[in-house]
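S.K.: Dumping the structure here so I can ask a few things about it.
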Amino acid sequence: MLKVHVLLTKEDISPEKLASGNKIAVVLDILLATTTIVTALQNGATEVIPVLNQDEAIKVSRQFENGQALMAGELHAEPIDGFFYPGPVKISTRIHGKTLILSTTNGTVALHKAAYANLVYISSLLNNAAVAQAILNDSKDETIVVICSGNSGEFSLEDFYGAGHLIANITCRTNQGIELNDAGKAALAFYDSHPSNSYSVLAASRVGLLLTKYGLKEDLLLSSTSGCYEIVPVFKNNRVILTVKKEV
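Per the working numbering, the sequence shown starts with residue 131, numbered consecutively.
Structure below.
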């Protein structure tokens with residue numbers, strides 16, 4: 131029986147528990163880090179390097195020649211001086227053939243905390259279906275740990291919805307039983323009550339309201355789109371790379 135456990139914030143991650151036993155992690159930061167990572171790779175980024183803060187981003191950027199990398203980031207949803215804002219729509223037009231160096235408040239931090247797992251997938255509404263299929267294809271006896279990045283230690287509506295969407299994509303692709311923890315059951319029930327209202331759910335979230343305020347509705351619209359990318363990014367050796375890419 132496949133075990134799927136949902137963590138509601140990155141602060142709930144226990145490195146010791148991830149490192150012990152067989153664990154596969156799936157990191158979600160729907161608004162915006164994992165959506166931006168997935169979109170960048172879909173649009174030709176050579177890799178994505180998630181970093182913990184802006185100082186690390188600047189240090190990493192010095193490894194690249196001019197024009198080889200794009201440095202993007204935010205801190206508490208505010209732009210960082212000298213960084214491109216990490217909205218997926220604009221980044222998608224500028225990233226082909228480049229490395230994306232990404233610093234965010236929640237998502238990139240969650241990725242590094244998740245690195246203790248055997249395997250770390252990066253997911254979003256855009257590619258949850260592909261990640262769900264990869265989980266079913268590749269998992270043996272592992273527990274799937276779905277990590278909602280959250281908002282600085284607080285619950286995130288959009289990540290909770292994304293977790294439910296991922297679980298729904300797993301359940302519809304298999305006849306085997308799935309064991310969910312209570313957070314997983316709640317996430318699936320929440321998604322099942324709003325399966326066609328992803329934009330409304332995301333727009334009503336705290337970060338969704340901020341994106342609307344900042345005039346970033348295009349990013350909100352893209353982030354709420356389901357299943358248009360069949361790519362499966364993995365986080366390995368401090369970099370995000372693709373395992374599968376297929377145009378749909």
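Note that the Cβ used here is the ideal one computed from N, Cα and C, for glycine as well.
(1) Quick one: what's HIS135 bridged to in DSSP?
(2) Under a Cβ-count criterion, where at least 16 other Cβ atoms within 10 Å of its own Cβ denotes burial, should SER326 be classed as buried or exposed?
(3) Compare the C-alpha of ALA293 against each of LYS347, ASP271, LEU332 and ILE179 and name the closest.
(4) When the Cα of LEU352 is compared with those of GLU177, SER328 and PHE365, which residue comes out closest?
(5) Output the boundary residues of the alpha helix (DSSP H) element that contains LYS153.
(6) How would you label SER335, buried or exposed, when you count the other beta carbons within 10 angstroms and need 16 or more for buried?
(7) Measuring CA to CA, which of LEU350, ILE167, VAL136 and SER144 is closest to ILE371?
(8) For TYR329, name the three-state secondary structure that DSSP assigns.
(9) For PHE365, would you say it is in contact with chain D, using Cβ-to-Cβ distances shorter than 9 Å as the test?
(10) Does DSSP classify VAL362 as helix, strand or coil?
(11) Can you give the Cα-Cα distance for GLY307 and LEU132, rounded to whole angstroms?
(12) Mind checking who SER253 pairs with in its DSSP beta bridge?
(13) Per DSSP, GLU208 forms a beta bridge with which residues?
(14) My assumption, with CB atoms under 8 Å, is that LYS153 sits in contact with ASN248. Please give the rounded CB distance.
(15) Using DSSP with H/G/I as helix, E/B as strand and the rest coil, what is THR176?
(16) Measuring straight from C-alpha to C-alpha, what distance separates THR304 and ILE179?
(17) Using alpha carbons as the reference points, say which of SER254, ALA264, ALA260 and ILE300 lies closest to SER279.
(18) On a Cα-Cα basis, can you pick out the residue from TYR321, GLU284, ASP289 and LEU287 that is closest to THR301?
(19) Quick check on SER356: does DSSP put it in helix, strand or coil?
(20) Label PRO145 either buried or exposed according to how many other C-beta atoms from any shown protein chain fall within 10 Å of its C-beta, with 16 as the threshold for buried.
(21) Compute the distance between the beta-carbons of TYR215 and ALA202, then report whether it is under 9 Å.
(22) Quick one: residues in its chain with C-beta nearer than 6 Å to the C-beta of VAL275, no 5 flanking neighbours on either side, listed in chain order?
(23) With a threshold of 16 other CB atoms inside 10 Å of the CB of ASP349, please say whether the residue is buried or exposed.
(24) Are there 16 or more other CB atoms within 10 angstroms of the CB of VAL378, so buried, or fewer, so exposed?
(25) Residues in its own chain within less than 8 Å of VAL239 by CB, not counting five upstream and five downstream?
(26) In the DSSP output, what is ALA199 paired with across the bridge?
(27) Give me the Cα-Cα distance between LEU138 and PHE290, rounded to the nearest whole angstrom.
M.R.: According to the structure data:
(1) As a position in the sequence shown, residue 135 is number 5, starting the count at 1. Its beta-bridge partners are VAL275.
(2) The residue given as residue 326 occupies position 196 in the sequence shown. The residue in question, SER326, is exposed, as its Cβ has fewer than 16 Cβ neighbours within 10 Å.
(3) In the sequence shown, residue 293 corresponds to position 163, counting from 1. Nearest option by C-alpha distance: LEU332.
(4) Translated into positions along the sequence shown, residue 352 becomes position 222. Minimum Cα distance to LEU352 is reached at SER328.
(5) Against the sequence shown, residue 153 aligns to sequence position 23. Not the alpha helix (DSSP H): LYS153 falls in the beta strand (DSSP E), residues 153-158.
(6) One-based indexing of the sequence shown puts residue 335 at position 205. SER335 should be labelled buried.
(7) Here residue 371 corresponds to residue number 241 of the sequence shown, with the count starting at 1. Nearest of LEU350, ILE167, VAL136 and SER144 to ILE371, Cα basis: ILE167.
(8) Taking the sequence shown and counting its residues from 1, the one referred to as residue 329 is at position 199. Correct three-state label for TYR329: helix.
(9) Absent from the structure is chain D; it holds one protein chain and no more.
(10) Here the question's residue 362 lines up with position 232 in the sequence shown. Here VAL362 sits in coil by DSSP.
(11) Here residue 307 refers to the residue found at position 177 of the sequence shown. Here residue 132 refers to the residue found at position 2 of the sequence shown. Their Cα atoms are separated by approximately 7 Å.
(12) In the sequence shown, residue 253 corresponds to position 123, counting from 1. DSSP output for SER253 lists LEU158 as bridge partner(s).
(13) Numbered from 1 along the sequence shown, position 78 holds the residue referred to as residue 208. BP columns for GLU208 point to LEU205.
(14) The residue you call residue 153 lines up with position 23 of the sequence shown. The residue you call residue 248 lines up with position 118 of the sequence shown. Their Cβ separation, rounded to whole angstroms, is 6 Å, which keeps LYS153 and ASN248 in contact under 8 Å.
(15) Stepping through the sequence shown from its first residue, residue 176 is reached at position 46. In the structure shown, THR176 sits in coil (DSSP, three-state: anything other than H, G, I, E or B).
(16) Taking the first residue of the sequence shown as 1, we reach residue 304 at position 174. Taking the first residue of the sequence shown as 1, we reach residue 179 at position 49. Taking the straight line joining both Cα atoms gives about 33 Å.
(17) By one-based count along the sequence shown, residue 279 stands at place 149. The option with the nearest alpha carbon to SER279 is SER254.
(18) Walking along the sequence shown from the start, residue 301 turns up at place 171. Nearest C-alpha to THR301: TYR321.
(19) Numbered from its first residue, the sequence shown carries residue 356 at position 226. Three-state result, SER356: coil.
(20) The residue you call residue 145 lines up with position 15 of the sequence shown. The residue is exposed, with fewer than 16 neighbouring Cβ atoms inside 10 Å.
(21) As a working note, residue 215 is residue 85 in the sequence shown. As a working note, residue 202 is residue 72 in the sequence shown. Yes, Cβ-Cβ distance for TYR215 and ALA202 is below 9 Å.
(22) As a position in the sequence shown, residue 275 is number 145, starting the count at 1. Closer than 6 Å at the Cβ level, and outside the excluded window around VAL275, lie HIS135, LYS153 and ALA155.
(23) As a working mapping, residue 349 is identified with position 219 in the sequence shown. With at least 16 other beta carbons inside 10 angstroms of its own, ASP349 counts as buried.
(24) What you label residue 378 is simply residue 248 of the sequence shown in a count that begins at 1. For VAL378, the pLDDT reaches just 38, beneath the cut-off of 50, and the residue's location in the model is therefore unreliable, although a value from the coordinates is still provided. Exposed.
(25) Taking the first residue of the sequence shown as position 1, residue 239 is located at position 109. Excluding its 5 nearest sequence neighbours in each direction, VAL239 has C-beta neighbours in its own chain below 8 Å: LYS140, LEU182 and SER279, listed in chain order.
(26) Along the sequence shown, read from residue 1 onward, the residue named residue 199 stands at position 69. Note: ALA199 is bridge-paired with THR229 in the DSSP secondary-structure output.
(27) In the sequence shown, the residue the question calls residue 138 occupies position 8. In the sequence shown, the residue the question calls residue 290 occupies position 160. Answer to the nearest angstrom: the Cα atoms are 7 Å apart.
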